[in-house]
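> For reference, the structure I am asking about is given below.
There are 2 protein chains.
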Amino acid sequence: MCELYSKRDTLGLRKKHIGPSCKVFFASDPIKIVRAQRQYMFDENGEQYLDCINNVAHVGHCHPGVVKAALKQMELLNTNSRFLHDNIVEYAKRLSATLPEKLSVCYFTNSGYVHGAGGVFIADEVQVGFGRVGKHFWSFQMYGEDFVPDIVTMGKPMGNGHPVACVVTTKEIAEAFSSSGMEYFNTYGGNPVSCAVGLAVLDIIENEDLQGNAKRVGNYLTELLKKQKAKHTLIGDIRGIGLFIGIDLVKDHLKRTPATAEAQHIIYKMKEKRVLLSADGPHRNVLKIKPPMCFTEEDAKFMVDQLDRILTVLEEAMGTKTESVTSENTPCKTKMLKEAHIELLRDSTTDSKENPSRKRNGMCTDTHSLLSKRLKT
Amino acid sequence: MCELYSKRDTLGLRKKHIGPSCKVFFASDPIKIVRAQRQYMFDENGEQYLDCINNVAHVGHCHPGVVKAALKQMELLNTNSRFLHDNIVEYAKRLSATLPEKLSVCYFTNSGYVHGAGGVFIADEVQVGFGRVGKHFWSFQMYGEDFVPDIVTMGKPMGNGHPVACVVTTKEIAEAFSSSGMEYFNTYGGNPVSCAVGLAVLDIIENEDLQGNAKRVGNYLTELLKKQKAKHTLIGDIRGIGLFIGIDLVKDHLKRTPATAEAQHIIYKMKEKRVLLSADGPHRNVLKIKPPMCFTEEDAKFMVDQLDRILTVLEEAMGTKTESVTSENTPCKTKMLKEAHIELLRDSTTDSKENPSRKRNGMCTDTHSLLSKRLKT
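In order, the protein sequence lines correspond to chains A and B. Residues in the first sequence are numbered consecutively from 1, following the numbering used here. Residues in the second sequence are numbered consecutively from 1001, following the numbering used here.
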């Protein structure tokens, strides 16, 4: 693999030239990724990582269908949407066809904010749309056919990482926007290349039955994780749906004390096992799983097996009991385990400022956050 | 050329599915563009238009060097900047090498706002950077070496239309940003594909001497336009530098009454002559020329010839005098000319809401607007 710089030099240049608010994953031992395919990422030494975090690579990293569509359009035309072009209208038509009838007007952006007004229901589909929840194409559909939001927001997964975002609303709201003089939306958001990529993503979701896959693999993964919950006291809850799952880690099942340091320890240990996971939630104690939609049952099994091993060692170290090792704590193990726990706490301190976007990335499987009135894509 | 929809159907679908705040150029008779190369755009019938407005296609529409760089990177990896990657650091290094030494820290976004604080000098290079002003790579350099802004903002031309934007600042300001907890910047802004494209744009500017071209062709075009100013009373002033030129149209040289309706008439007539121009400024009476940087002297000559003809006919119609026709107004011409003027006013009324972004697109050749404290890319 052709590298311009050694990992050390890349890190040095990054410290010098990239704003410090742009944090790296695994701050105390960052990864350099040089290529990716489907649900796998590869570092500069060719090591393969199972990607459980990049929901933005919705149909899989570097999907050839996406690359082909982008290339074809980039060779022809990439310009703003002040000229008429088929791609923007075709993409808007296709998107609105997936939504309740009244949601027919699209605003494309490269990345955007929506400020909701009082009484307006906004469904945030940035992380949970496009089939990720499995049973439905849009997560708001979980609330039944009678529930129709006024505004639906979509983000980067719709472009598989190509910068594009969209807000879909009703004709009435669009007219109100327009007459209020709101001129927020970006003329490059619906450019022919972004729309070609977006159309390819829709085709791939359908052709590869990725929504069905999210349901099947998501169910399988949830079952595996529920078995882990029965085995490991650190697991307080398994939440989520489809391929959007959170593992809530707690120190105490009754008090539900967040196991924040333990979550940090686990994501670093999982990285050593070549599985990329992140910790999220207000207390950063929730392991969040939102992989590319081509994630398989084998991937799920592999991920859970690694997690099982790490939890077993960790719980032993902490002196808590796993179901299978209830009576195995012996005095001679205690010293080693205490040291492990100190190491764990050191890890978590180093990394305590790693994830600046924890607010937006919080799990949002309840109605309240799905309908958040202020959204950022 | 393969079209999905007829122009009429494209327009109909657009009215149905695209938010009305996303206006089209030439609203009363929009153009459908299906492909573009260098400084030329082509409609669905293969008609070629000289593009004098798309500064975003900085190195030329669909430049093969840009397409190649994007394709190569899209096949390898496109992910967020939470992993280490060479492209983001290389691009940041290359960008900061073009700037005064203290401007060394980059924040990449897909498109962004910067809110300046009191006493902070922000140079907006979104429209005028990357060699467009000809003599300098950055427009703020026109004010001499002693003038060093605190923040420089860059926009879409840096990606030749691929959505990418950047804010470069000093280490001190970056640290202040960081410690204030500002977490604005987007982890996808510096993705490997955007940075690969940005690097290709820098290479092309250098390899094809586009900055030198902007200077040469810009000077030539300015000279041609100054001759037109001497000939046509409608031209109040020629402003600008390099390939960023404004033709200020006025009804009266002393009062400097903006010739808004005339400007609208001219851009529609220029479109008929297959030249794409826009009218801008607070009164929308400034014809703005900001073509791809590969614009040639032949293009400049062609554009000015068409403008000359249109101005001649228009001024005759208005009863004003062009230098060459000072004594040629005869009574018999008057009626025909009045009718032409009525047609002109009708055109302008239909199109009076065409350009919603007139504030941001205002010519900014004076220090005040170059250093605007609130910028939008």
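Glycine included, every Cβ here is placed at the ideal spot set by N, Cα and C.
Going by C-alpha distance, which of A:Asn54, A:Glu3, A:Gln48 and A:Ala36 is nearest Phe25 (chain A)?
Among A:Asn54, A:Glu3, A:Gln48 and A:Ala36, the Cα nearest to that of Phe25 (chain A) belongs to A:Asn54.
> Decide if His1162 (chain B) is buried, meaning its Cβ has at least 16 other Cβ atoms within 10 Å, or exposed.
Under this definition His1162 (chain B) is a buried residue.
> Report all residues from its chain with a CB closer than 7 Å to the CB of Lys1032 (chain B); omit the five preceding and five following residues, and keep chain order.
Contacts found: Lys1007, Thr1010, Asp1043 and Glu1044.
> Under DSSP, the alpha helix (DSSP H) around Cys2 (chain A) begins and ends at which residues?
Run containing Cys2 (chain A): none; DSSP gives neither H nor E here.
> For the segment 191 to 215 of chain A, enumerate the residues whose C-beta is nearer than 8 Å to any C-beta of chain B, in chain order.
Listed by position along the chain: Asn191, Val193 and Ser194.
> Give me the chain A residues within the contact set of Glu1075 (chain B), using Cβ-Cβ distance strictly less than 7 Å, ordered along the chain.
The contacting residues are Cys62 and Val67.
> Count the other C-beta atoms from every protein chain shown that fall within 10 angstroms of the C-beta of Gly12 (chain A), then say buried if there are 16 or more, exposed otherwise.
By the 10 Å Cβ count, Gly12 (chain A) comes out exposed.
> What separation, rounded to the nearest whole angstrom, lies between the Cα atoms of Asp305 (chain A) and Gln228 (chain A)?
One C-alpha to the other measures close to 9 Å.
> With a threshold of 7 Å between beta carbons, is Leu1277 (chain B) in contact with chain A?
No, Leu1277 (chain B) does not count as interfacial toward chain A.
> Please say whether Gln1073 (chain B) and Val1152 (chain B) have beta carbons closer to each other than 7 Å?
Contact flag unset, no.
> So, are the CB atoms of Phe1140 (chain B) and Ala1123 (chain B) less than 7 Å apart?
Contact: yes.
> Does any residue of chain B bring its CB to less than 7 Å from the CB of Arg38 (chain A)?
No, because no Cβ of chain B sits closer than 7 Å to the Cβ of Arg38 (chain A).
> For the segment 89 to 99 of chain A against the segment 1012 to 1023 of chain B, do three or more pairs of beta-carbon atoms, one drawn from each stretch, fall closer than 8 Å, so that the two count as touching?
Short answer: they touch.
> How many Å lie between Cys1052 (chain B) and Phe302 (chain A) at the Cα?
Looking at the two C-alpha atoms, the distance is approximately 56 Å.
> Quick check: Gly1218 (chain B) and Leu1243 (chain B), are their CB atoms within less than 7 Å of each other?
In contact: Gly1218 (chain B) and Leu1243 (chain B) (Cβ atoms closer than 7 Å).
> Sort B:Lys1023, B:Pro1030 and B:Ala1036 by Cα distance to Pro1292 (chain B) and report the nearest one.
Checking every option, the nearest Cα to that of Pro1292 (chain B) belongs to B:Ala1036.
> Answer with buried or exposed for Pro282 (chain A), where buried requires no fewer than 16 other C-beta atoms within 10 angstroms of its C-beta.
Classification for Pro282 (chain A): exposed.
> Along chain B, in chain order, which residues have C-beta atoms closer than 8 Å to that of Ala263 (chain A)?
Correct list: empty, because the minimum Cβ distance to chain B is about 17 Å.
> Mind checking if Ile173 (chain A) is an interface residue toward chain B, Cβ cutoff 7 Å exclusive?
By this cut-off, Ile173 (chain A) is not an interface position.
> For the segment 1010 to 1031 of chain B, enumerate the residues whose C-beta is nearer than 7 Å to any C-beta of chain A, in chain order.
Flagged, chain order: Thr1010, Leu1011, Leu1013, Arg1014, Lys1016, His1017, Ile1018, Gly1019, Pro1020, Ser1021, Cys1022, Lys1023, Val1024, Phe1025, Pro1030 and Ile1031.
> Between the alpha carbons of Ser81 (chain A) and Pro1030 (chain B), how many angstroms are there, rounded?
One C-alpha to the other measures close to 11 Å.
> Is the segment 232 to 239 of chain A touching the segment 144 to 159 of chain A, taking contact as three or more C-beta pairs under 8 Å?
Not touching, per the Cβ criterion.
> So Gln1141 (chain B) is in the beta strand (DSSP E); what residue range does that whole segment cover?
It is not in any beta strand (DSSP E) - Gln1141 (chain B) carries neither H nor E in the DSSP assignment.
> What did DSSP end up calling Val1304 (chain B) once you bin it into helix, strand or coil?
Note: Val1304 (chain B) maps to helix in three-state DSSP.
> Hey, quick one: how far does the beta strand (DSSP E) through Cys22 (chain A) stretch, first residue to last?
Note, Cys22 (chain A): premise wrong, no beta strand (DSSP E); not H, not E.
> Counting only the same chain and skipping the five closest in sequence on each side, list residues whose C-beta sits under 7 Å from that of His136 (chain A).
Answer for His136 (chain A): Met142, listed in chain order.
> With a cut-off of 7 Å, does the C-beta of Leu1099 (chain B) fall near any C-beta of chain A?
Leu1099 (chain B) does not count as touching chain A.
> Mind checking which residues open and close the alpha helix (DSSP H) that includes His1266 (chain B)?
According to the sequence displayed, residue 1266 (chain B) carries Ile and not His. Ile1266 (chain B) -> alpha helix (DSSP H) spans Thr1260 to Glu1272.
> Less than 7 Å between the beta carbons of Tyr49 (chain A) and Arg309 (chain A), yes or no?
Against a cut-off of 7 Å, the Cβ pair of Arg309 (chain A) and Tyr49 (chain A) comes out as no contact.
> With a cut-off of 7 Å, does the C-beta of Ile1033 (chain B) fall near any C-beta of chain A?
Yes - at least one Cβ of chain A is within 7 Å of the one on Ile1033 (chain B).
> Spatial neighbours of Gly1065 (chain B) within its chain, please: CB distance less than 6 Å, with the 5 preceding and 5 following residues excluded, ordered by chain position.
Once the five neighbours on either side are set aside, the close Cβ partners of Gly1065 (chain B) are Ala1200 and Ile1204.
> Can you give the beta carbon distance from Asn1285 (chain B) to Asp1248 (chain B), rounded, assuming they're within the 8 Å contact cut?
Rounded, the Cβ-Cβ distance is 7 Å, consistent with contact.
> Along chain A, which residues have their Cβ under 9 Å away from the Cβ of Ala1093 (chain B)?
According to the sequence as given, residue 1093 (chain B) is Lys; it is not Ala. Here the neighbours are Leu13, Lys16 and His17.
> Examine chain B for any beta-carbon lying closer than 7 Å to the beta-carbon of Phe130 (chain A), and answer yes or no.
Closer than 7 Å: no.
> Specify the secondary structure class of Lys40 (chain A) as computed by DSSP and reduced to three states.
Note that residue 40 (chain A) is Tyr in the sequence shown, not Lys. Tyr40 (chain A) falls in the strand class under three-state DSSP.
> What whole-angstrom Cβ distance do Ala69 (chain A) and Val250 (chain A) have, given they're in contact under 8 Å?
Not quite, the Cβ-Cβ distance comes to about 45 Å (not below 8 Å), so this is no contact.
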